[in-house]
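Engineer:
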Ligand code: AMP
Ligand code: MG
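In the working numbering, the protein residues as written are -10 to 388.
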């Protein structure tokens, strides 16, 4: 039996990078992986500017409260004023450039206007008060985004802030998805006796799309060798990865292993994790189409996807980060009968920030994944009690 780390290491080592680069506009770039580091040619902000609405002054002119100064100019955002004459103030607004000679902004709440239209300053400023310095966010020449960054809301905003309209990203991964199991019916169809609805299909489809993959959904493949081989043969040429669920055990009704062996090569791994012990990894055909076979149990498929397939796909896409951050949380529950395998337990975060276990940790209980906010990553044979610290992986980082 492999440990989780060994299985992950082997998967990541086998990941074939998707090297084709596309240039996309910012509005199409969300979720994509940046192919090349981006360097700023400008300073952000470009000029010293006011952080508040108020009055730009020279501190030397305002050494006591109650000083009054004539308002010599008005500088809204987007306009550049002129040098501040000694003994005067400039009306200034948030984001407007600080005029030469001014060294502080007094916020308008600390100022009043007198009868002659002069500003009376009721707080003594210190140099740099309420001034945002040129380049304090980004200096010219600075690397703003590293190669491999996953482009989320903040990354796209930073790219825009230095004037980039387009970004080089890796091509999306093409993934074929197939579900095995003669017991499966599709939602919308009647449910014959003995059948269950195919829940893995939409779950995995959504997980793959969440990673930015282009998914070819092959639907349900009958539990026989010929049909499974056929599906692998026809999809391999146009895809980077074929992902299947079910049929990876070694029962008489499990044909995935034999089909992959006939069409390529396969390693069937028993991984010491719960849920999700069996995982198949291989290659199809002479090309480099990877194959991953997930267990059929819905929670096993969900968890093995997040813990193994997700990092594999991110590595293929050239992502800088393949693994989620790990949080240390206090448990709200007792866990008294740990498994000999490393467990990924469904847990939610209570109002006071502790991790509470779902009462049914069965690998078929998919509602536990809706209820939960993430997984407690529990070492083999480790029991814990309410109050103990546990490792928590948030779905927010995984989905
Ligand atoms: P298998 O890995 O094919 O032995 O399946 C293990 C368990 O997961 C069985 O109870 C299957 O009925 C169930 N299962 C397999 N595939 C799916 C699926 N696509 N959706 C829901 N349950 C499934
Ligand atoms: Mg099956």
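Each residue gets a CB set at the ideal place from its N, CA and C atoms; glycine is no exception.
(1) Determine the direct distance from the alpha carbon of residue 368 to that of residue 220, and round the result to whole angstroms.
(2) Quick check: what's the CA-CA separation for residue 371 versus residue 355?
(3) Which runs of the alpha helix (DSSP H), 4 residues or longer, sit entirely within the region 219 to 243?
(4) DSSP on residue 79, reduced to helix/strand/coil?
(5) Residue range of the beta strand (DSSP E) that residue 96 falls in?
(6) Note the first and the last residue of the continuous beta strand (DSSP E) segment covering residue 11.
(7) Within 7 Å: the Cβ of residue 337 and any heavy atom of ligand 1?
(8) Give me every residue whose Cβ sits closer than 6 Å to any heavy atom of ligand 2, in chain order.
(9) Going by DSSP, what residues sit across from residue 158 in a beta bridge?
(10) Taking residue 238 as the reference, give the member of 284, -7 and 251 with the closest Cα.
(11) Distance, Cα to Cα, residue 77 vs residue 18?
(12) If we define contact as Cβ-Cβ less than 8 Å, is residue 318 a contact residue for chain C?
(13) To the nearest whole angstrom, what separates the beta carbons of residue 93 and residue 111, a pair I think is in contact under 8 Å?
(14) Residue 308 to residue 22, Cα distance in whole Å?
(15) By how many angstroms is the C-alpha of residue 266 removed from the C-alpha of residue 334?
(16) Are the Cβ atoms of residue 229 and residue 158 separated by less than 8 Å?
(17) When you compare the CB positions of residue 1 and residue 300, do they come within less than 8 Å of one another, or not?
(18) How would you label residue 72, buried or exposed, when you count the other beta carbons within 10 angstroms and need 16 or more for buried?
(19) Compute the minimum distance between the beta carbon of residue 178 and the heavy atoms of ligand 1, and state whether it is under 7 Å.
(20) Near residue 126, which residues of its chain fall below 8 Å by C-beta distance, leaving aside the five closest residues on each side in sequence?
(21) Indicate whether residue 198 and residue 187 have their beta-carbon atoms separated by less than 8 Å.
(22) Give a yes or no on whether the C-beta atoms belonging to residue 64 and residue 79 are separated by under 8 Å.
(23) Quick one: using the 10 Å Cβ neighbour count with 16 as the cut-off for buried, is residue 231 buried or exposed?
(24) Assuming the contact rule is C-beta atoms closer than 8 Å, residue 84 and residue 66 should be a hit. Round their C-beta distance to whole Å, please.
(25) Could you check whether residue 113 and residue 46 sit closer than 8 Å to each other, using their CB atoms as the reference points?
(26) For ligand 1, I want to know if residue 173 counts as a neighbour, meaning its beta carbon is within less than 7 Å of at least one of the ligand's heavy atoms.
(27) Do residue 261 and residue -7 come within 8 Å of each other at the CB atom, strictly closer than that value?
(28) How far does the beta strand (DSSP E) with residue 258 in it reach, from first residue to last?
(29) Where does residue 299 fall in DSSP's three states?
(30) Got a sec: does ligand 1 put a non-hydrogen atom nearer than 7 Å to the Cβ of residue 187?
(31) Taking DSSP as the reference, what is the three-state secondary structure of residue 272?
(32) At which residues does the alpha helix (DSSP H) containing residue 168 begin and terminate?
(33) Cβ of residue 223 within 8 Å of Cβ of residue 245?
(34) Kindly confirm or deny that the region 248 to 256 and the region 136 to 155 touch, where touching means at least three C-beta pairs closer than 8 Å.
(35) Please determine, among 182, 207, 183 and 180, the residue with the shortest C-alpha to C-alpha distance to residue 191.
(36) So the candidates are 385, 167 and 305; which of them puts its Cα closest to the Cα of residue 336?
Structural biologist: Taking the geometry as given:
(1) 38 Å
(2) 24 Å
(3) none
(4) strand
(5) 93 to 96
(6) 10 to 14
(7) no
(8) 169, 170, 235, 236, 242 and 285
(9) 11 and 23
(10) 284
(11) 48 Å
(12) Any reference to chain C falls outside this structure, which holds one protein chain only.
(13) With 8 Å as the limit, residue 93 and residue 111 do not qualify as a contact, their Cβ atoms being about 14 Å apart.
(14) 6 Å
(15) 14 Å
(16) no
(17) yes
(18) exposed
(19) no
(20) 33, 34 and 150
(21) no
(22) yes
(23) buried
(24) 4 Å
(25) no
(26) yes
(27) yes
(28) 253 to 259
(29) helix
(30) yes
(31) strand
(32) Counting along the chain, residue 168 falls outside any alpha helix (DSSP H), though it belongs to the beta strand (DSSP E) covering 163 to 169.
(33) no
(34) no
(35) 207
(36) 385
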